[in-house]
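*Asks:* I have a structure I would like to understand better, so I am pasting it below and will then ask my questions one at a time.
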Amino acid sequence: MRQRVMIGAGSVVVAVGLFLAYLRTARAFPINGDGASNALQAWDMFHGNPLLKGWALSDVSFYPTELVQYGIVQWFTGVTADQVHVTAAITYTMIVFVAAALAKGRAEGREAWLRVAVAVAILLLPVPGTGYQTLLSSPNHTGSAVPLVLAWLVLDRLRHRVWTPVLVALLLGWGAMGDPLITFVGAVPLAVVCAYRAIRRGERLYELSLVAAAVVSVVVSRGFRHLLDALGAFQSPHPPIELAPLSDWPHRAWMTARMVGVIFGTHRPGWHLAGFEILLSLLHLIGFAVALVAFVVTLVRAVRGTADRVDSVMIAAITCNLGAEIVSTISVDLMAAREIAPVLPMAAALAARYAGPWLASGASGRTVRIGRGALAAVLAVFALTVVIYSPPRAEPSEAQEAADYLGERGLSYGLGAYWASNNITVTTEHKVVVAPVVGGGDRLVPFCWQSKDSMYDAGAHDARFVVFEKDRPFYGTPEQAEHMWGAPVERHDVGKYAILLYNVNLLVGLPPHCG
């Protein structure tokens with residue numbers, strides 16, 4: 002009992018320490034339009050509009066997952082830029098702990114500790130740049146790994162219980178309500194693996210009950226979406242996923258490999274590596290190599306029908322996630338690494354479940370001692386880096402210079418390109434509200450993405466400016482504004498932003514939201 006209390010207390014201390022370290026890391030990247038939009042939606046959701054009526058969300062709503070988390074955090078922080086960082090730090094801390102629990106499995110003693118150590122070593126230190134943006138920024142599939150890995154944890158710890166399939170179905174259904182990716186990397190692999198095991202092995206009734214759980218999770222998530230539609234809730238378009246031409250697959254496979262490198266910390270795009278950065282990348286490479294060996298060995302065992310059920314499901318889930326990147330049009334650039342974020346905690350758990358028993362054994366003598374020494378060294382270096390390294394704190398938001406200019410001029414309501422709209426509203430804490438627009442022919446129209454119809458109500462708001470990104474004309478241009486409203490009273494170029502000021506309400510005559 003005393004040992005459990007000490008472990009529990011130690012876990013709390015570690016969780017708080019990791020949260021503070023990840024919060025510091027998250028602040029190295031400014032919030033953008035996506036995270037800001039989610040913050041505004043969560044506030045509206047918890048302040049009189051639980052169904053988010055009037056909102057057009059993105060193709061991934063995060064409605065019952067991160068939006069709820071955002072709302073809870075806002076009770077303490079309000080709608081601020083830092084609230085996005087706080088939520089990201091909490092999410093990644095949860096991922097580390099849930100993946101470590103899955104890595105431990107049903108092991109005890111030294112093997113359990115070694116399994117946890119391997120998983121933590123792989124997850125502990127995200128890399129700067131794209132790694133921070135993927136794993137420690139606004140909701141972008143990273144948080145969706147929480148219900149996914151929780152489902153695998155239930156499947157692993159509560160084996161052969163009557164209600165285990167029910168819990169798994171609910172967890173996968175809950176995750177898929179917020180992110181359809183969970184259906185593809187959760188329900189589908191579970192159904193395929195358990196159907197295969199039912200054919201090859203005994204326990205057919207239990208395996209088929211898990212197949213049913215996978216199907217039920219899809220029914221639950223889709224039924225929830227239909228219920229929301231019937232109640233007049235938010236709009237959310239289907240993800241724009243298409244099959245890529247066969248000739249594109251080699252390029253997309255290479256891009257996917259680079260994305261894997263980003264989430265594992267072995268690839269640092271845009272960095273001129275030297276000294277310590279090279280050392281960190283090499284240490285990350287060790288974790289990736291262990292995960293790769295574990296993947297190959299477990300894949301062979303799964304095909305033969307000798308692998309553990311949960312290990313087989315994780316192999317199938319990782320394969321589905323990476324395979325979709327290669328054959329679809331998703332992997333356009335490295336920013337698509339967010340689509341494979343759930344691969345990291347699953348691969349970490351898989352590596353730990355493979356390497357842990359070997360590290361705990363004494364059969365190979367010197368080789369095992371070298372492995373334990375390498376694990377201890379990696380953990381020590383990564384833990385020290387997490388504690389000591391303090392990345393430069395970024396501006397609170399993208400378009401911060403435009404937000405500062407608008408605030409200084411006392412301008413309180415206007416229109417703006419998507420990446421200079423909701424984020425300005427959040428970073429100024431509603432002192433300056435910017436409704437997102439996009440270019441449509443020779444005009445500007447309300448952006449039917451992460452926006453609410455009341456933002457464009459000319460009777461409620463008086464919009465007197467419009468903000469454009471000069472290097473992103475897709476979201477609107479000054480020429481389109483002048484075609485609609487004539488020459489501005491003033492134009493100010495602030496960094497890469499062009500701000501046009503008018504003496505008329507720009508919302509009058511604007512096309513309807515999502516019309």
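First residue of the sequence shown? That's 2 in the working numbering, and the numbers climb one at a time after it. All residues carry an ideal CB built from backbone N, CA and C; glycine is no exception.
1) Which term fits residue 164, buried or exposed, when burial requires 16 or more other beta carbons within 10 angstroms of its beta carbon?
2) When the Cα of residue 403 is compared with those of 417, 445, 391 and 390, which residue comes out closest?
3) According to DSSP, is residue 334 helix, strand or coil?
4) According to DSSP, is residue 105 part of a helix, a strand, or is it coil?
5) Please report the distance separating the alpha-carbon of residue 111 from that of residue 59.
6) Smallest Cα separation from residue 133: which of 394, 444 and 432?
7) List, from N- to C-terminal side, the alpha helix (DSSP H) runs of 4 residues or more that fit wholly inside the stretch 333-417.
8) Which one of 458, 316 and 326 has the shortest CA to CA distance from residue 243?
9) Return the chain-ordered list of same chain residues with a C-beta closer than 7 Å to the C-beta of residue 463, the five sequence neighbours on each side being excluded.
10) Compare the beta carbon distance of residue 52 and residue 423 with 8 Å and say whether it is the shorter of the two.
11) Pick out whichever of 248, 156, 38 and 299 has its Cα sitting closest to the Cα of residue 82.
12) Does the Cβ of residue 471 have 16 or more other Cβ atoms within 10 Å, making it buried, or fewer, making it exposed?
13) Along the alpha helix (DSSP H) that carries residue 126, what are the first and last residues, could you check?
14) Considering only C-alpha positions, which residue in the set 72, 31 and 500 is nearest to residue 465?
15) Whole beta strand (DSSP E) runs in the stretch 431-463 with 3 or more residues, listed along the chain?
16) Of the residues 3, 90, 77 and 28, which one's Cα is nearest the Cα of residue 17?
17) Skipping 5 residues on each side, what residues in its chain have a beta carbon closer than 7 Å to that of residue 254?
18) Suppose the cutoff is 7 Å on Cβ atoms and the five residues either side in sequence are ignored; what does the same chain contact list for residue 161 look like?
19) Do residue 345 and residue 19 have their C-beta atoms within less than 8 Å of each other?
20) Closer than 8 Å is the cut-off here; do at least three beta carbon pairs connect the stretch 484-496 with the stretch 94-101?
21) Nearest-angstrom Cα distance between residue 372 and residue 360?
22) If I measure Cβ to Cβ from residue 269 and keep anything under 6 Å in the same chain, skipping five residues before and after, which residues do I get?
23) Under the assumption that residue 1 contacts residue 107 (Cβ atoms under 8 Å), give the Cβ distance between them as a whole number of angstroms.
*Replies:* If we stick to the structure as given:
1) So residue 164 counts as exposed.
2) When each option's Cα is compared against that of residue 403, the closest is 417.
3) In this structure, residue 334 counts as coil in the three-state DSSP scheme.
4) Helix, per DSSP.
5) Going by the C-alpha atoms only, they are around 46 Å apart.
6) Relative to the Cα of residue 133, the nearest Cα in the group 394, 444 and 432 belongs to 394.
7) Assignment of alpha helix (DSSP H) within the stretch 333-417, counting only whole runs of 4 or more residues, yields 344-361, 367-389 and 401-409 in chain order.
8) Taking residue 243 as reference, the option from 458, 316 and 326 with the minimal CA-CA separation is 326.
9) Closer than 7 Å at Cβ, skipping near neighbours: 414 and 506.
10) Cβ distance not < 8 Å, so residue 52 and residue 423 don't count as in contact.
11) The option with the nearest alpha carbon to residue 82 is 38.
12) Per the 10 Å Cβ criterion, exposed.
13) Looking at the DSSP string, residue 126 is not in any alpha helix (DSSP H), and its letter there is neither H nor E.
14) Comparing Cα-Cα distances from residue 465 to each of 72, 31 and 500, the minimum goes to 500.
15) Under the rule that a run must span 3 or more residues, the beta strand (DSSP E) segments found entirely inside the stretch 431-463 read 434-441 and 444-447.
16) Nearest of 3, 90, 77 and 28 to residue 17, Cα basis: 90.
17) 327, listed in sequence order.
18) Excluding the 5 residues flanking it on each side, residue 161 has same chain C-beta neighbours closer than 7 Å at 207, in chain order.
19) Contact flag unset, no.
20) No, they do not touch.
21) Going by the C-alpha atoms only, they are around 7 Å apart.
22) Close CB contacts of residue 269 within its chain, under the 6 Å cut and outside five residues either way in sequence, are with 128 (chain order).
23) The displayed coordinates of the chain run from 2 to 516. Any statement about residue 1 would go beyond what the structure contains.
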